[in-house]
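A.B. asks:
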Amino acid sequence: MENHLSNRVIEVVDYDPNWKNIFEIEKVALTQAIGNNAVKIDHIGSTSVIGLSAKPIVDILIEVSNLEGLDAADKNIAALGYTIKGENGISGRRYFQKGGNQRSHHVHAFQSSDLNLHRHKVFKAYLIAHPIIASEYGSLKSEAVSKSDNDINVYMTLKTSFINKHEKLALEWFDN
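Each residue of the sequence shown is one higher than the one before, counting from 1 in the UniProt record's numbering.
The structure is reproduced here in structure tokens:
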């Protein structure tokens, strides 16, 4: 593990209504940075679900016409304070982080035909439509933080089975 990551503090906080405003401001900046290649920019993740506790990091989903055009905008995106992370483990994705160790924004970008766009949007809709499950997810995240000792890999591992189970249920729910 890289040494600079050891300073990262992972926290889950109560829902903050200002997250929506933070997203809206960033959406405008990203739209300008990317240009016409940006088809749609959505607020996703736990900060987009009213009432859900979350890591205070705004997750943004960008649908682009083509990844080459997005790659060409890297310097514009970097000028907004983002670190360009490439695919970062998911084929066909472009991933960007803002805020250094105490991240403020994560951007996940995919080309229009990518199924990951649908997966992210459906999971958000599912949590909104199922407040009890969203509440369980919030509790799980708080518990994961307390057990992770600021290790993001441990934190993510503790959430994986819940996410996998409910992502599958979300897709079935959406298709019906």
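Think of the CB as a built atom: it goes at the ideal place given N, C-alpha and C, for glycine as much as any other residue. The structure displayed is predicted, hence computed values, not measured ones.
Round the Cβ separation of ILE22 and VAL49 to the nearest angstrom and send it over; I've been treating them as touching at under 8 angstroms.
C.D. replies: Contact flag wrong, Cβ pair sits at about 15 angstroms.
A.B. asks: From which residue to which residue does the beta strand (DSSP E) around ALA38 run?
C.D. replies: 38-44 is the extent of the beta strand (DSSP E) around ALA38.
A.B. asks: Return the residue from the list GLU68, PHE96 and SER91 that minimises the CA-CA distance to LEU80.
C.D. replies: The candidate whose alpha carbon is nearest that of LEU80 is PHE96.
A.B. asks: Using the Cβ count rule (16 or more neighbours within 10 Å means buried), how would you classify HIS105?
C.D. replies: Per the 10 Å Cβ criterion, buried.
A.B. asks: Looking only at its chain, what residues have a beta carbon closer than 6 angstroms to the beta carbon of ALA170, apart from the 5 residues adjacent to it on each side?
C.D. replies: VAL122, PHE123 and TYR126, listed in sequence order.
A.B. asks: Check each candidate in ILE133, GLY86 and SER65 and name the one with the smallest Cα separation from ASP74.
C.D. replies: If we check each option's Cα against that of ASP74, GLY86 comes out closest.
A.B. asks: With C-beta atoms as the reference, is TYR155 less than 8 angstroms away from ILE10?
C.D. replies: Against a cut-off of 8 angstroms, the Cβ pair of ILE10 and TYR155 comes out as a contact.
A.B. asks: Name, in chain order, the residues that DSSP records as bridge partners for HIS106.
C.D. replies: Answer by DSSP bridge pairing, in chain order: ASP59 and GLN97.
A.B. asks: Which partner residues of THR83 appear in the DSSP bridge assignment?
C.D. replies: For THR83, which the question treats as bridged, DSSP gives the partners GLN97.
A.B. asks: Report the residue from LYS98, LEU61 and VAL13 whose alpha carbon sits nearest the alpha carbon of GLY51.
C.D. replies: Considering only alpha carbons, the answer is VAL13.
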